[in-house]
């Protein structure tokens, strides 16, 4: 499935410039696809580039989940993008008020993130392989201070996203290979690794 939507993912990653930070103490590469300054020249909006979190595929269906983090004027937001394809027709869904994303941690705690901002409705994508239908769904979830403190310390086990009658459950793997970027990601450590990227960035801009 990953190869079936590879071209679509690459197109969505094209940017006019790239922004990245110096490596953190854990050698995490903080890279960004959006940086906007406020009137006081401080960073008003900061968004990390997307990271592959989960991939599932069979001959008939497939799914890819990407995460990115946003610092919007001091509010930390998790952006979730879900790509699906199948031989049967797929309908996009809307993720809006009332939607939630429950994260189970290794210490047994459950963290619930609530949807934030306007309702986001998915869209159909042109298929990279004949005979398949593709959709992209996305949602944004607020990470409050108490959740932030727990997520940056404890490894993830599973995620459960609920939006209306739709539900998505998946396991955070210890590592996963990203075909698009030719790198290994560590989904279960996502927040431990990347929350600092949006709270303490040290930016270098390449034009």
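In mature numbering (1 follows the signal peptide of the UniProt record, and there is no 0), the protein residues as written are -21 to -1, 1 to 186.
Here a beta-carbon is modelled for each residue, glycine too, at the ideal position from N, C-alpha and C.
These figures come from a predicted structure and were not determined experimentally.
From 100, 123, 161 and 49, pick the residue whose C-alpha is nearest to that of residue 143; which is it?
-> The residue labelled residue 143 in the question sits at position 164 within the chain shown. Considering only alpha carbons, the answer is 100.
Using alpha carbons as the reference points, say which of 51, 73, 105 and 46 lies closest to residue 123.
-> Here residue 123 refers to the residue found at position 144 when the chain shown is read from its first residue. For residue 123, the closest alpha carbon among the candidates 51, 73, 105 and 46 is that of 51.
Buried or exposed (CB count within 10 angstroms, at least 16 for buried), residue 163 | The residue labelled residue 163 in the question sits at position 184 within the chain shown. Per the 10 Å Cβ criterion, exposed.
CB-CB under 7 Å to residue 110, same chain, minus the five flanking residues each way: which ones, in chain order?
-> Start at 1 with the first residue of the chain shown, and residue 110 comes out as number 131. The beta carbon of residue 110 sits closer than 7 Å to those of 66, all from its chain and outside the five residues before and after it, given in chain order.
Residue range of the alpha helix (DSSP H) that residue 178 falls in?
-> In the chain shown, residue 178 corresponds to position 199, counting from 1. From DSSP, the alpha helix (DSSP H) with residue 178 extends over 169 to 178.
Helix, strand or coil: how does DSSP classify residue 126 here?
-> Within the chain shown, the letter at position 147 stands for residue 126. Residue 126 falls in the helix class under three-state DSSP.
Using a Cβ-Cβ cut-off of 6 Å (strictly less than) and excluding sequence neighbours within five positions of residue 61, which residues of its own chain qualify?
-> The sequence position of residue 61 within the chain shown is 82, counting from 1. Excluding sequence neighbours, residue 61 sits near 44 and 116.
Would you please state the rounded distance, in angstroms, between the beta carbons of residue 93 and residue 127? I believe it to be under 8 Å.
-> In the chain shown, counting from the first residue as 1, residue 93 sits at position 114. In the chain shown, counting from the first residue as 1, residue 127 sits at position 148. Incorrect: roughly 14 Å between the Cβ atoms, too far for contact.
Measure how close the beta-carbons of residue 83 and residue 137 come, nearest whole angstrom, since I'm counting them as under 8 Å.
-> The sequence position of residue 83 within the chain shown is 104, counting from 1. The sequence position of residue 137 within the chain shown is 158, counting from 1. For a cut-off of 8 Å, the C-beta gap from residue 83 to residue 137 is around 5 Å, short enough to register as a contact.
Residue 139 - partner residues in DSSP beta bridges = As a position in the chain shown, residue 139 is number 160, starting the count at 1. Residue 139 is bridged to 81 and 148.
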